[in-house]
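Colleague: Take the sequence shown: its letter number 686 is residue 685 in numbering that gives the first Met the number 0, and every next letter is one higher.
Cβ atoms here follow ideal geometry from the backbone N, Cα and C, with glycine treated the same way.
On a predicted model such as this, the values are computed, not experimentally measured, just so you know.
Here it is, the structure, as structure tokens.
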Amino acid sequence: MKKSSLNNYSRFLLYIVIIVLLNIAGTVIFFRLDLTEGKAFSLSEESKKTVSALSEPLTIKVFFTNKLPAPYNNIERYLHDLLGEYAMSGNRYFNYEFHDVSTEGNERVKQNQELAQSYGIHPLQIQNIEQDEVKFQKAYMGMVLIHGDLIEALPPITTTDGLEFRITSTIGKMSSKTSALLNLKEKIAIKLFLSSSLQAVGPYMNLPGIMEAPKKIEEIVNKLNAKNYDRLNFTYIDPSQDQESTKEAERYNAMSLQWNEFIDRRGVKIPADKGFIELVVKYNERIEKVQILKVVRLPIFGTQYQMVDVNSLEKGINEIVENIINTNEEIGYIADHDAPSIDKHPDMLGQKDGETLSNFSELLSGNYSLKKISLAKEDIPEGIPTLIIAGVKQQFSDYELYQIDQFLMRGRNIGIFYDPFNEIMPQQNNMMLGNQGPVYLPINNGLEKLLGHYGFSLKKSYILDQNCYKQEVGRAFGGGEQKIYFAPIIKNESINKELNFLKNIKGMVMVKASPVEIDEQRVKKQGLKPHKLITSSEKAWELSGRVNLNPFFMQPPQDEKGYKQMSMAYILEGQFNSYFADKEIPIKEEKKEENTENKKGDEAKPEKKPEGTNMSNIQNRGLTIKNSIKPGKIFLIGSSEVLKNNVMDKGGRSPNAQFVMNVIDYLNDEENRAVMRSKTQQFNPLKEIKPESKTIIKTANIAGLPALMFLSGLFIWLRRSSRRRFIQARFQK
């Protein structure tokens, strides 16, 4: 008996020793089994790709105080696991170090604290509850990344949410350009197609030094080579020299100029001919074009030609090169035409903070460079892969629409946040006369005809939904909840889960959205691929005509036929057909500056048309791109309210913010980044079930356990009774 008890104790102690050793081994040997649906605790493919492509040493230094109270006590352990997984996926250039900065340390700890502060990492004051006392302590919770001569310190790490996204994004920004250039298998080809035949008509086009362009562009490329590890190769091709060069220019769809025979003012005969002029940047299958010749049609003066200046040309080539190797991700934003402000200080512009897009701008700045564009004053710059048009109220001119159309034809992407109505608040004087609400006037900014041509269908209406946001009503007004029908809640089943960048988004809220549909025949004719992103519930209806969004005056339809499910956002991608394919280049409207003091009576004097050769003799071909040279994307959503500060949070953790940012990433071919951003999305609502099912589940939870215990006891009692009877019967015999 004693020997048996001793064996039991020995076995128990052995089990304890094995468990302790397994835990110790687990802290040293890295192993993780991630059972979460979105693999929230596993390294994303984007992170693995980033650290495996490092071409120069990258060191991550972590300064974290030990034994911190909750909720900070698990962050350091998480950092050890996360950086260990980075190290497993990274190459030999990836390193990380943990520096002890605990306040109870020695001289070495003080040196680490000084090192942390030299990197801009300072201690934070956190709250600690010990023995029923509230205390405050200083804690270091920072990280710095060192890559060559670049040093980047992350903001204080107070949570693990989105930490992998922050680390990977920072590594990518620091190493993308260097790594991309050093890993190029061949040089980036920069080809200038310039026909020598243009020298004959150059002076008549106000381009007397047109044949000096090859020398100037070669000097620019040599200058840029010093910044790009000598990975650029310049070639000058004259299509007038041989037929093969002409065919090559035509393959690249180079701009073609053709002119008939004419006689100039000196009586010199200029024979009929044609020529090509285009600057092409090519790497593998990626082809981009840099504008070197501007063509503008002006009233009275007609068609005017102008060479791009050297500084703009150098900037354009550099942007295109960075765009080709995916290092400079710049996004354009149409800032005029009464669009919402993206500035951080909106008060000077007369807009309230909630109506601006400063939060959106700040979130974009983490991975992109947002460039404001005024179409009334400038053209859309070269090198911008994506253009955002949000909440535009004023009408675009035909020339501005032409720029947007040609931007898409170059294989670029456009994100449009379209508002169907302009909400005009009553003036203060009118409000004093009565409780007047805002007036909603339909917006016609010209985008309607472009989008209609590409295959979209827009309506001047708002989507109202029974499944909407509910606002609490104060006790003074009776209490309870008030449905805000113009703020539909998008449920998990109304989000397209076939798209990877939307898989982890389980719900969101839309505000003042209009229906977005597509013309299937037109889309099919162009060979485009449509993606429906989000829809309303089946209990939605439209509000059009005289719009009043006061929730107290809204009445849902009484008939079930008045409800229907409507789509709110679409993406079309593929090679589009130009709206201006069969039209002339629109005239660029020039605003004249009048001097009232010196121009009295000048209005009566007709302006003289400049003397010279009639420019109509020179015909241009290839100026308007009729079909996309490569696939592009258009994202359209029927509301710009989703970008405003009162909807998007600064941290970018809400489902609305992650939806918008993921769409922007998808437009820029960064789908892996979008998946990584939203995989830690914490908003995960329960699946709605029918009331009958709820009753069954509640009954099972309340009565199920007692019933189970009763049945288990009954089974044991019956089994014992049976065994007792069996033994009794056996011995009676």
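(1) Could you check how far apart the C-beta atoms of A389 and F416 are, in whole angstroms? I think they sit under 8 Å.
(2) Just mark S368 as buried or exposed, buried being the case when its beta carbon has 16 or more other beta carbons within 10 Å.
(3) Could you tell me which of K293, N322, I319, F261 sits nearest to D308, measuring between CA atoms?
(4) Report the rounded CA-to-CA distance for D346 versus T623, giving the unit in angstroms.
(5) What do you get for M708, buried or exposed, if any count of 16 or more other CB atoms within 10 angstroms of its CB means buried?
(6) Could you name the residues of the same chain whose beta carbon sits closer than 7 Å to that of K591, not counting the 5 residues immediately before and after it, in chain order?
(7) Can you give, in chain order, each stretch of the beta strand (DSSP E) that sits fully within the segment 166-237 and has at least 3 residues?
(8) Look up H98 in the DSSP assignment and give the residues it is bridged to.
(9) Among Q198, L231, Q257, D80, which one has its Cα closest to the Cα of K184?
(10) What's the C-alpha gap between F725 and L710?
(11) For W540, list the residues DSSP reports as bridge partners.
(12) Can the beta-carbon of K678 be found closer than 8 Å to that of K47?
(13) So the candidates are R91, I413, K502; which of them puts its Cα closest to the Cα of L386?
(14) Which one of S456, K469, L532 has the shortest CA to CA distance from V522?
(15) Which of the three DSSP states, helix, strand or coil, is assigned to E381?
(16) Please state whether the Cβ-Cβ distance between S638 and K458 is less than 8 Å.
(17) Once the 5 residues before and after L12 are set aside, which same chain residues still bring their CB inside 8 Å of it?
(18) Can you say whether A69 is buried or exposed, counting buried as having 16 or more other CB atoms within 10 angstroms of its CB?
(19) Straight-line CA distance for G712 to G703?
(20) For my contact list, L256 and K281 are in at a C-beta cut-off of 8 Å; report their separation, rounded to the angstrom.
(21) Could you give the residue range of the beta strand (DSSP E) that holds N127?
(22) In this structure, how does DSSP classify S46 when only helix, strand and coil are distinguished?
(23) Among I483, K582, V508, which one has its Cα closest to the Cα of I494?
(24) Exposed or buried, what is M87 when buried is set at 16 or more other beta-carbons lying within 10 Å of its beta-carbon?
(25) Which runs of the beta strand (DSSP E) fall wholly inside the segment 457-535 and span at least 3 residues, in chain order?
(26) Spell out a yes or no on whether the segment 327-335 and the segment 357-372 are touching, meaning 3 or more CB-CB pairs, one atom from each, closer than 8 Å.
(27) Taking buried to mean at least 16 other C-beta atoms within 10 Å of its own C-beta, is V267 buried or exposed?
(28) Determine the extent of the beta strand (DSSP E) in which Y282 is found, giving its start and end residues.
(29) Just to confirm my understanding: we take G454, look at its own chain, exclude 5 residues before and 5 after, and list those with CB closer than 7 Å. What are they?
(30) How big is the Cα-Cα spacing for S692 and I701?
(31) In this structure, how does DSSP classify F11 when only helix, strand and coil are distinguished?
(32) Compare the Cα-Cα distances from F275 to each of G25, E247, E287, N283 and report the closest residue.
(33) Tell me, please, which residues DSSP counts as bridged to P155.
(34) How big is the Cα-Cα spacing for D342 and M647?
(35) Sorted by chain position, which residues of the same chain lie with C-beta nearer than 7 Å to N227's C-beta, five sequence neighbours on each side aside?
(36) Between the beta-carbon of I59 and the beta-carbon of I156, is there less than 8 Å?
Modeller: If we stick to the structure as given:
(1) Counting from 1 along the sequence shown, the entry for residue 389 is found at position 390. Counting from 1 along the sequence shown, the entry for residue 416 is found at position 417. Sure, about 4 Å apart at Cβ, within 8 Å.
(2) Indexing the sequence shown from 1 puts residue 368 at position 369. So S368 ends up on the exposed side.
(3) Taking the sequence shown and counting its residues from 1, one reaches residue 308 at position 309. Of the listed residues, the one whose Cα sits closest to D308 is K293.
(4) To locate residue 346, count along the sequence shown from 1; it is residue 347. To locate residue 623, count along the sequence shown from 1; it is residue 624. Note that D346 scores a pLDDT of 44, beneath 50, so its modelled location is shaky and nothing firm can be said.
(5) Position 709 of the sequence shown, counted from the first residue, corresponds to residue 708. M708 is exposed by the Cβ-count criterion.
(6) Counting from 1 along the sequence shown, the entry for residue 591 is found at position 592. In this prediction, K591 has a pLDDT of 49, which is less than 50 and means its spatial position is unreliable; what the coordinates show is noted afterwards. Excluding sequence neighbours, K591 sits near nothing in its chain.
(7) 187-193, 231-236
(8) As a first step, residue 98 is located in the sequence shown; it is residue number 99 there, counting from the start. Its beta-bridge partners are F62.
(9) The residue labelled residue 184 in the question sits at position 185 within the sequence shown. Among Q198, L231, Q257, D80, the Cα nearest to that of K184 is on L231.
(10) On the sequence shown, position 726 is the one that residue 725 refers to. On the sequence shown, position 711 is the one that residue 710 refers to. Whole-angstrom Cα-Cα distance: 22 Å.
(11) Locating residue 540 in the sequence shown gives position 541, counting from the first residue. Bridge partners of W540: L463.
(12) Indexing the sequence shown from 1 puts residue 678 at position 679. Indexing the sequence shown from 1 puts residue 47 at position 48. Result no, Cβ atoms of K678 and K47 do not sit closer than 8 Å.
(13) The sequence position of residue 386 within the sequence shown is 387, counting from 1. Out of R91, I413, K502, I413 has the C-alpha closest to the C-alpha of L386.
(14) Your numbering for residue 522 matches position 523 in the sequence shown. That would be S456, whose Cα lies nearest to the Cα of V522.
(15) As a first step, residue 381 must be located in the sequence shown, where it is residue number 382. It is coil, neither helix nor strand.
(16) As a working note, residue 638 is residue 639 in the sequence shown. As a working note, residue 458 is residue 459 in the sequence shown. Cβ atoms of S638 and K458: not closer than 8 Å.
(17) Here residue 12 is taken as the residue at index 13 of the sequence shown, counted from 1. Nothing listed; no residue qualifies.
(18) Within the sequence shown, numbered from 1, the residue matching residue 69 stands at position 70. A69 is exposed by the Cβ-count criterion.
(19) For the purposes of this step, residue 712 is taken as the residue at position 713 of the sequence shown. For the purposes of this step, residue 703 is taken as the residue at position 704 of the sequence shown. The alpha-carbon atoms of G712 and G703 are separated by roughly 14 Å.
(20) Numbered from its first residue, the sequence shown carries residue 256 at position 257. Numbered from its first residue, the sequence shown carries residue 281 at position 282. The Cβ separation is near 22 Å, so there is no contact.
(21) As a working note, residue 127 is residue 128 in the sequence shown. Its beta strand (DSSP E) spans residues 123-129.
(22) One-based indexing of the sequence shown puts residue 46 at position 47. S46 falls in the helix class under three-state DSSP.
(23) If you number the sequence shown from 1, residue 494 lands on position 495. Ranking the options by Cα distance to I494, first place goes to V508.
(24) Walking along the sequence shown from the start, residue 87 turns up at place 88. Flag for M87 reads exposed.
(25) 460-464, 467-471, 480-489, 515-517, 528-534
(26) yes
(27) Walking along the sequence shown from the start, residue 267 turns up at place 268. The residue is exposed, with fewer than 16 neighbouring Cβ atoms inside 10 Å.
(28) Taking the first residue of the sequence shown as position 1, residue 282 is located at position 283. From DSSP, the beta strand (DSSP E) with Y282 extends over 272-282.
(29) What you label residue 454 is simply residue 455 of the sequence shown in a count that begins at 1. Answer for G454: I517, D518, R521, V522, Q525, L527, L571, listed in chain order.
(30) Residue numbering aside, residue 692 sits at position 693 when the sequence shown is read from its first letter. Residue numbering aside, residue 701 sits at position 702 when the sequence shown is read from its first letter. For S692 and I701, the distance between alpha carbons rounds to 14 Å.
(31) Working through the sequence shown from its first residue, we reach residue 11 at position 12. The answer is helix: DSSP assigns F11 an H, G or I state.
(32) Against the sequence shown, residue 275 aligns to sequence position 276. Among G25, E247, E287, N283, the Cα nearest to that of F275 belongs to E247.
(33) Counting from 1 along the sequence shown, the entry for residue 155 is found at position 156. Its beta-bridge partners do not exist; DSSP assigns none.
(34) Position 343 of the sequence shown, counted from the first residue, corresponds to residue 342. Position 648 of the sequence shown, counted from the first residue, corresponds to residue 647. Between D342 and M647, the C-alpha separation is close to 15 Å.
(35) Looking up residue 227 in the sequence shown gives position 228. Here the set comprises L180, V320.
(36) Counting from 1 along the sequence shown, the entry for residue 59 is found at position 60. Counting from 1 along the sequence shown, the entry for residue 156 is found at position 157. No, Cβ-Cβ distance for I59 and I156 is not below 8 Å.
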